[in-house]
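Residue numbers (our numbering), protein chains in the order written: chain A, 31 to 152; chain B, 12 to 118. From the three backbone atoms N, C-alpha and C, an ideal C-beta is built for every residue, glycine too.
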C-alpha cells in the first residue's frame with residue numbers, strides 16, 4: 031500500500047535553513063509527482079510545488095520561489111524540501127502528497143504524508 | 012491565482028443527517044475540483060476529484076456536484092467518523108489553491 035513517511039518535528043532558529051524528508055513506499059516513486067503543501071497554525075493549505083523524481087523536474091508556486099527547494103533521491107525513494115532564510119512566518123506543518131499520471135498528469139493529491147511540524151524560534 | 016471561497020466556516024449536524032459544503036472559484040476551473048477530509052492524527056484523505064468522481068474506497072454517501080464555478084460536497088446520512096475538517100482544492104491551473112476549510116462538528 032502507498033505510504034509517505036515524513037521526518038520529525040523541527041525546532042530551528044530564525045535565518046537558518048531546514049531540510050525535511052518524505053520517504054515513499056508502495057508505488058513507483060519515479061513515475062509520480064511529489065508535492066509539498068504548507069499549513070500555518072490555524073490556517074488553510076497552500077501548495078508549495080512539485081518534483082518529478084523520474085527526471086528531477088520541479089514546479090514552484092511563485093510565492094515560494096527562493097524559499098523552498100525540492101529535491102529527490104531515487105535510490106531511497108525519498109523526497110526532500112529545504113526551506114531557507116527562515117522566519118516565524120515559516121512556522122507551519124508541511125505535508126508531502128502524491129499526484130500521478132493517468133492519461134496525463136493529474137493534480138489532485140491521492141496520498142498524503144502525516145506532516146512535519148517546523149517551528150522557527152530563537 | 013484562483014481564489015476558492017468555501018462556506019460555511021463551521022457546520023454542526025447530528026449523525027444520520029445530510030450536509031452540504033460549498034466552494035466557489037473566482038474564475039472557471041472547468042470540472043477540476045477536489046475535496047479532502049482532514050482529521051487529527053490521520054493523513055488527509057482524498058474524497059472526490061474532477062468535481063464529482065468518488066475516490067476509490069470512499070463511501071457512496073459522499074458526493075460532489077458542479078454548477079459553473081460553484082461546487083458542492085454533500086454527505087448523506089452522516090456517520091460519527093465523518094466529523095472533521097473539509098477542504099476543496101482546484102486542480103485546474105497553477106498555483107493549485109485550496110478553500111479555507113469547513114469544520115464539521117457533532118451537534
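Please state if the CB of residue 68 of chain A and the CB of residue 81 of chain A are separated by a distance shorter than 7 angstroms.
no
Assuming contact is defined by CB atoms lying nearer than 7 angstroms, are residue 109 of chain B and residue 84 of chain A in contact in what I supplied?
Cβ distance not < 7 angstroms, so residue 109 of chain B and residue 84 of chain A don't count as in contact.
Neighbour list for residue 106 of chain B in chain A, Cβ cutoff strictly below 8 angstroms:
77, 91, 92, 93
Classify residue 92 of chain A: buried if its beta carbon has 16 or more other beta carbons within 10 angstroms, exposed otherwise.
It counts as exposed.
Between which two residues does the beta strand (DSSP E) holding residue 77 of chain B run?
73-78
What does residue 74 of chain A reach in chain B if we use C-beta pairs closer than 8 angstroms?
98, 109, 110, 111, 112
Cβ-based neighbour list, residue 21 of chain B, same chain, cut-off 6 angstroms, excluding 5 preceding and 5 following:
114
Cβ atoms of residue 86 of chain B and residue 75 of chain B: under 7 angstroms apart, would you say?
The Cβ atoms of residue 75 of chain B and residue 86 of chain B do not sit closer than 7 angstroms to each other.
Contacting positions in the stretch 27-59 of chain B - beta carbon closer than 7 angstroms to chain A:
Residues passing the 7 angstroms Cβ filter: 45, 54, 55, 57.
Which residues in the same chain have their Cβ closer than 6 angstroms to the Cβ of residue 125 of chain A, if we skip the five residues on either side of it in sequence?
Excluding sequence neighbours, residue 125 of chain A sits near 67, 142, 143, 145.
Residues near residue 106 of chain A by beta carbon distance below 8 angstroms, same chain, minus five either side:
53
Does the Cβ-Cβ distance between residue 32 of chain A and residue 57 of chain A come in under 7 angstroms?
yes
CA nearest to the CA of residue 104 of chain A, picked from A:152, A:41, A:61, A:40
A:61
CB contact check: residue 137 of chain A to chain B, cutoff 7 angstroms:
yes
Does the beta carbon of residue 140 of chain A sit closer than 7 angstroms to a beta carbon anywhere in chain B?
yes
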